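Visitor:
2 protein chains.
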Amino acid sequence: MAAINFSFDAAPPLDESDANRPIGSGGGELDLELIELLFFAYRDFVGEADHILEAIGYGRAHHRVVYFVMRNPGLRVSDLLDILQITKQSLSRVLKQLIDDGYIEQRPGPIDRRERLLYATEKGEQLASDLSARQHVRLMRALAPLPQGARAIVRDFLGNMIDAPAPGAPVDRKG
Amino acid sequence: MAAINFSFDAAPPLDESDANRPIGSGGGELDLELIELLFFAYRDFVGEADHILEAIGYGRAHHRVVYFVMRNPGLRVSDLLDILQITKQSLSRVLKQLIDDGYIEQRPGPIDRRERLLYATEKGEQLASDLSARQHVRLMRALAPLPQGARAIVRDFLGNMIDAPAPGAPVDRKG
DNA sequence: AATTTATGGCAGCCATGTTGACATACTTCG
DNA sequence: CGAAGTATGTCAACATGGCTGCCATAAATT
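Those protein sequence lines, which keep their order, are chains X and F.
FYI, in my numbering the residues of the first sequence are 867 to 1041.
FYI, in my numbering the residues of the second sequence are 867 to 1041.
1. For X/H917, count neighbouring Cβ atoms within 10 angstroms of its own Cβ and tell me buried if that reaches 16, exposed if not.
2. Under 7 angstroms between beta-carbons, which chain F residues line up against X/R1021? List them in chain order, please.
3. Confirm, please, whether the CB-CB distance from F/F1023 to X/A1016 is below 8 angstroms.
4. Output the distance between the C-alpha atoms of X/E920 and X/S998, rounded to the nearest integer angstrom.
5. Using the beta-carbon of each residue, which ones in chain F are nearer than 7 angstroms to X/G1025?
6. Cα separation between X/H929 and X/A994?
7. Considering F/I1019, what are the terminal residues of the alpha helix (DSSP H) in which it resides?
8. Determine the chain X residues that contact F/I1028 at a beta-carbon separation under 7 angstroms, and present them in chain order.
9. Does F/R1007 get closer than 8 angstroms to chain X when you measure Cβ to Cβ?
10. Does F/L983 come within less than 8 angstroms of chain X when only Cβ atoms are used?
11. Expressed to the nearest angstrom, what Euclidean distance is found between the alpha-carbon atoms of F/R937 and X/R942?
12. Taking C-beta to C-beta, are F/D1029 and X/H1002 nearer than 8 angstroms?
13. Between which two residues does the beta strand (DSSP E) holding F/L984 run?
14. Skipping 5 residues on each side, what residues in its chain have a beta carbon closer than 6 angstroms to that of X/R1000?
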């Protein structure tokens, strides 16, 4: 639990007031600073919710499922598989628990009754909110000291990091 | 492999030219947009290196180990445990493989000979660079369309997301 | 009626995280 | 010197959450 992040002692030769270009024109060097900052940031970000989850015997897989169902009520199972990019079996294990425990409920699709549309129960909404609240606070704390417009920059950066941007999503706000 | 990220259909009511405050003063709403963008961004970011790793039968754990040894030559095992925040047993499994396969070598500490200082071999350096290069390209592609100074914003944001910032690291550049 | 689709379930494998106990080599302290 | 502490390695055992393959069922489609 020491939460040591090690010193970034070999930090890239970057000036504080720098722009995009991450490394001096010297050679084919890599932006290792951002790579490891992303690692540490995500590690601590997801670690945030673990206390709540432990208390009810759940793991991160449950978190992700209840989160995306809360965010997209009426989601089909196959949609969830696409979002999480895991297999049916991996999903069904945790989904079954969440349904049995009353966090998520299924209703047959009104048009195609083979579908089992997923909805978070009130209990499920509550859980998802509790978990997200912690992460929200961390995000706000991280953004607060940054200049105006930082949130938009971060959002666009993250959006651009994704393989296939959501339709109608990002982002090219240089000009 | 469909890499569907689902539409962020319930996207927060945020204006493009917005600043820090993520949600209208209405109530206790959460910045779910950033939460899930971070999830997708990291998912695709770490998925980047998987092809290379699969080819040699390694997983992400090996990646992390060889990366941090490359970044911090002469690291002690206990330092690595602190960085990765895993247990000795989890580390030793992958570390043993990396040593056996010639990616990492150990040398006794010059002062305290109980220590086994870790160094990446040339083979290990090569592997770490190959892996990082992919991620570097993704980062550069994500930053390229953003305005001047975006990299610094992103770096500071990520740094602020970390539990215990590295000594002498981030960052409070609002004023 | 036959086929396709959406879902569920079972068996079993693998990677990677965990704890606890113990061994070895070395350093440090009294 | 001998005792105690430290850095590391190792073994057994277990949990989580990925994976594949195969099969079942219900409903839609042709």
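From the three backbone atoms N, C-alpha and C, an ideal C-beta is built for every residue, glycine too.
In this text, all values refer to a predicted model and were calculated from it rather than measured experimentally.
Guide: Well, looking at it:
1. Label assigned to X/H917: exposed.
2. X/R1021 reaches chain F at E899, L900, L903, counting residues in chain order whose Cβ is nearer than 7 angstroms.
3. Closer than 8 angstroms, so yes.
4. Approximately 15 angstroms between the Cα atoms of the pair.
5. Near X/G1025 (Cβ distances below 7 angstroms), the residues of chain F are L903.
6. Looking at the two C-alpha atoms, the distance is approximately 7 angstroms.
7. Under the DSSP assignment, F/I1019 falls in the alpha helix (DSSP H) whose first and last residues are 1016-1027.
8. For F/I1028, the chain X residues whose C-beta falls within less than 7 angstroms of its own C-beta are N871, F906, A907, D910, listed in chain order.
9. Yes, its Cβ sits closer than 8 angstroms to a Cβ of chain X.
10. Chain X contact via Cβ: absent.
11. Taking the straight line from one Cα to the other gives about 44 angstroms.
12. The answer is no: Cβ separation not under 8 angstroms.
13. For F/L984, the enclosing beta strand (DSSP E) has its first and last residue at 982-986.
14. The answer, listed in chain order, is E914, A915.
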